[in-house]
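Everything below concerns the one structure shown next.
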Amino acid sequence: MAEDMEEDGYDGLIEDLHSDSSGDDYIDVQQELSLHDHDGDSDNDEDEIIDGEKETIIFDQSLPSSHTYLGEEMDEVTGRTVMEDENVVSIPLLSLPNLLLVPGQTLPMHIFNPQLVAMMKNLLDKDNTFGVVTNSRGLLVNSEDDIKRITGTTCEIYSVREENQAGISTISIKTMARKRFQVLSLRTQLDGTRIGTVRILPDVLVPAYPRNALAECVRSSRLVTNHLQASRKLKECSRRKVVPSCSAWSSWVYELYNPYLLVAKIKRELKSWNNNLKTDMLPTEATEFSYWVTHNLPLDNDRRDSLLKMDCPIQRLQKQLEIMQKYGIMICDDCRTTIADKKDLFSMSLTGLMGAYVNPGGYVHETVTFHKAKGLRLRGPPSTEHSWFPGYAWTIAECEHCGNHMGWKFTAVNKKLVPHKFWGLTRASLRPSLKQDEDETLYVEK
Numbered sequence: 052m053a054e055d056m057e058e059d060g061y062d063g064l065i066e067d068l069h070s071d072s073s074g075d076d077y078i079d080v081q082q083e084l085s086l087h088d089h090d091g092d093s094d095n096d097e098d099e100i101i102d103g104e105k106e107t108i109i110f111d112q113s114l115p116s117s118h119t120y121l122g123e124e125m126d127e128v129t130g131r132t133v134m135e136d137e138n139v140v141s142i143p144l145l146s147l148p149n150l151l152l153v154p155g156q157t158l159p160m161h162i163f164n165p166q167l168v169a170m171m172k173n174l175l176d177k178d179n180t181f182g183v184v185t186n187s188r189g190l191l192v193n194s195e196d197d198i199k200r201i202t203g204t205t206c207e208i209y210s211v212r213e214e215n216q217a218g219i220s221t222i223s224i225k226t227m228a229r230k231r232f233q234v235l236s237l238r239t240q241l242d243g244t245r246i247g248t249v250r251i252l253p254d255v256l257v258p259a260y261p262r263n264a265l266a267e268c269v270r271s272s273r274l275v276t277n278h279l280q281a282s283r284k285l286k287e288c289s290r291r292k293v294v295p296s297c298s299a300w301s302s303w304v305y306e307l308y309n310p311y312l313l314v315a316k317i318k319r320e321l322k323s324w325n326n327n328l329k330t331d332m333l334p335t336e337a338t339e340f341s342y343w344v345t346h347n348l349p350l351d352n353d354r355r356d357s358l359l360k361m362d363c364p365i366q367r368l369q370k371q372l373e374i375m376q377k378y379g380i381m382i383c384d385d386c387r388t389t390i391a392d393k394k395d396l397f398s399m400s401l402t403g404l405m406g407a408y409v410n411p412g413g414y415v416h417e418t419v420t421f422h423k424a425k426g427l428r429l430r431g432p433p434s435t436e437h438s439w440f441p442g443y444a445w446t447i448a449e450c451e452h453c454g455n456h457m458g459w460k461f462t463a464v465n466k467k468l469v470p471h472k473f474w475g476l477t478r479a480s481l482r483p484s485l486k487q488d489e490d491e492t493l494y495v496e497k
């Protein structure tokens, strides 16, 4: 996706996103055939209808997360480094533009910079772990306070591919984000590598109910202590689970802090956006689920950063539910033109609504998929080179009002492949417009 990816990558190269074309074999997954009915685009054109052809090929949702465009022959990296909460460790740090990594997220990388190539090779001989900082200022600091405001996420390399062409060494890697951290101090090695002394941040999960305090006023059989109970009880929200006269707080207060109910409410909210969204395969544990939502919800950097700084998963879930209940439309981050609606969000990948992908120039784009979009114009011809979604050709999409690069329109090469088309828009180009509590008027927070 090429010359329009005007942002500089970590090695300063600017190249379009291209993609390699896919093969003809696809695997049936749980994606709905109703995707036919959701197709639409900024130009209001209609899908081509092929008379007499009823056979369809459903896209294999496992393909995007495998990042096959990096090369088929990648070497798996064995071993795992476990960093305990509150531990203080020293790790190399990397600052990537517009990227705020969330634990559990996959980060693919193309690396050309000789210094970074050497750093990654050195890590492969050690613990395979480095850190990605998650604040907008990167590693530009002026004081000790600036340093301690930097938070980030550890990344563990699990797959690698090295190439040498004309004496130039490059490396492609797939990494998994693991743990959040706070930077305590920074130093620069002679080779230019930034080393951070960091504290691994904990995730503090409080009990669903203070059992000792409520032992006399709550029937244990009525406590919601797992996800099956939560989904069953959510429809009975009006029923009291705590005897008000025996408790210092009303039952709704305890429900606010029950992780199982919070997870169930967020899943219900997602289904209200688009009933075809599959929520049964999502994480069920509160911490893991809160990270999944943080990663997949299209949010601007400020909101995502505030969620990542929270040490309590329950607090994170509460804030996510609050945001989702106010969620309206997606607008251009530059000119505020309406681009997409939350009801058109859908998943092209088994990992969720959004994924991080890297272009040939090394720039990483977090891309969220929509059935429909508007306020966009297309530039250039479709291309299948270096496609993040095998079987689809991409065309650069820009905001028709301000010209901001928004992402790409993907169209199926095989007319039997469904969905026939969709939009992959970058998180960095979008901003959510939220509804106010009182009058439901749309507003935008900076």
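Counting in the numbering used here, the sequence shown runs from 52 upward without gaps. Just so it is clear, CB atoms sit at the ideal spot from N, CA and C, and this is done for glycine as well.
Top-ranked residue by Cα proximity to residue i, from the options
| i | options | result |
| --- | --- | --- |
| PRO470 | ARG478, MET399 and PRO483 | MET399 |
| GLU436 | VAL464, LEU256 and GLY426 | VAL464 |
| LEU333 | TRP445, ARG200, THR402 and LYS394 | THR402 |
| LYS318 | GLN369, LEU359 and PRO411 | GLN369 |
| ARG231 | PRO154, ASN164, LEU147 and HIS161 | PRO154 |
| VAL419 | GLY458, PRO433 and ALA448 | GLY458 |
| ARG485 | GLY182, LEU350 and GLY413 | The displayed chain sequence assigns Leu, not Arg, to residue 485. With distances taken between Cα atoms, LEU485 lies closest to LEU350. |
| PRO258 | GLY243, TYR308 and PRO159 | TYR308 |
| SER236 | ALA391, LEU313 and VAL184 | VAL184 |
| ASN455 | PRO483, TRP303, SER146 and ILE390 | ILE390 |
| LYS377 | SER323, THR129 and VAL409 | SER323 |
| VAL314 | ARG430, ASP331 and LEU147 | ASP331 |
| GLN112 | CYS206, ARG238, PHE440 and PRO411 | PHE440 |
| THR119 | ARG355, SER438 and ALA444 | SER438 |
| ASN325 | LYS393, PRO159 and LYS460 | LYS393 |
| MET134 | SER146, TRP474, CYS206 and GLY412 | CYS206 |
| ASP136 | ARG229, GLY412, LEU429 and GLY475 | ARG229 |
| ARG132 | GLU123, ILE208, LYS460 and GLY122 | According to the sequence provided, residue 132 is Thr. The question's Arg does not apply to it. Nearest C-alpha to THR132: ILE208. |
| GLU214 | THR226, LEU147, SER302 and GLU124 | GLU124 |
| ARG428 | GLY413, TYR443, LYS460 and LEU404 | LYS460 |
Nonlocal neighbours in the same chain, by C-beta distance under 6 Å from residue i, ignoring five residues either side
| i | result |
| --- | --- |
| ILE374 | none |
| SER72 | Low confidence applies here, because SER72 scores a pLDDT of 32, under 50, leaving its location unreliable; read the following figure in that light. Within the same chain, SER72 has close Cβ partners THR435. |
| ASP126 | VAL211 |
| ALA479 | ASN149 |
| ARG367 | SER341, LEU358 and MET361 |
| LYS199 | none |
| VAL234 | ILE198, ILE201, GLY247 and VAL249 |
| LEU241 | none |
| GLY203 | GLY182, VAL183, VAL184, THR185 and PHE232 |
| ARG482 | ASP351, ILE382 and ASP384 |
| HIS416 | TYR408 and THR477 |
Residues near residue i by beta carbon distance below 8 Å, same chain, minus five either side
| i | result |
| --- | --- |
| LEU256 | PRO310, ALA337, THR338, CYS363, PRO364 and ILE365 |
| THR388 | ILE382, GLY426, CYS450, GLU451, HIS452 and CYS453 |
| GLN371 | ILE317, SER341, VAL344, THR345, LEU348 and LEU358 |
| THR244 | PRO143, GLN166 and MET170 |
| VAL168 | ILE162, SER220, THR221 and ILE222 |
| SER289 | Its pLDDT being 40, under 50, SER289 is placed unreliably by the model, and the measurement read from it follows with that caveat. Taken in chain order, the list of residues that qualify is empty. |
| CYS386 | CYS450, HIS452, CYS453 and ASN455 |
Residue range of the unbroken alpha helix (DSSP H) whose run includes residue i
| i | result |
| --- | --- |
| ASP353 | 352 to 359 |
| LEU237 | It is not in any alpha helix (DSSP H) - LEU237 instead sits in the beta strand (DSSP E) that spans 219 to 239. |
| LYS377 | 364 to 377 |
| VAL304 | 302 to 307 |
Residue interval of the beta strand (DSSP E) (run including residue i)
| i | result |
| --- | --- |
| SER323 | No beta strand (DSSP E) holds SER323; the alpha helix (DSSP H) holding it covers 310 to 324. |
| VAL409 | 405 to 409 |
| ALA391 | 389 to 392 |
| HIS346 | Run containing HIS346: none in the beta strand (DSSP E); it sits in the alpha helix (DSSP H), 337 to 347. |
| LEU401 | Here LEU401 belongs to no beta strand (DSSP E), and DSSP marks it neither H nor E. |
| LYS472 | 472 to 477 |
| THR418 | 415 to 421 |
| GLY247 | 245 to 251 |
Interface flag, residue i vs chain C, CB-CB below 8 Å
| i | result |
| --- | --- |
| ARG428 | Given the protein chain composition of this structure (a single chain), no chain C is represented. |
Residues near residue i in its chain [Cβ-Cβ closer than 7 Å; skip 5 each side]
| i | result |
| --- | --- |
| HIS87 | Annotation note: pLDDT 44 at HIS87 (below 50); position unreliable, no value reported. |
Worksheet item: Residue ranges of each alpha helix (DSSP H) run of no fewer than 4 residues wholly in the segment 155 to 217, ordered along the chain?
Response: 165 to 175 and 195 to 199
Item to complete: Can you check the segment 111 to 155 for any beta strand (DSSP E) of at least 3 residues that lies completely inside it and give the ranges in chain order?
Response: 139 to 146
Discussion item. List, from N- to C-terminal side, the beta strand (DSSP E) runs of 3 residues or more that fit wholly inside the segment 433 to 470.
Written reply: 443 to 450 and 456 to 463
Worksheet item: Any contact of the segment 419 to 431 with the segment 170 to 181, i.e. 3+ C-beta pairs under 8 Å?
Response: no
Worksheet item: How about the segment 244 to 253 and the segment 135 to 144: do they share at least three Cβ pairs that are nearer than 8 Å?
Response: yes
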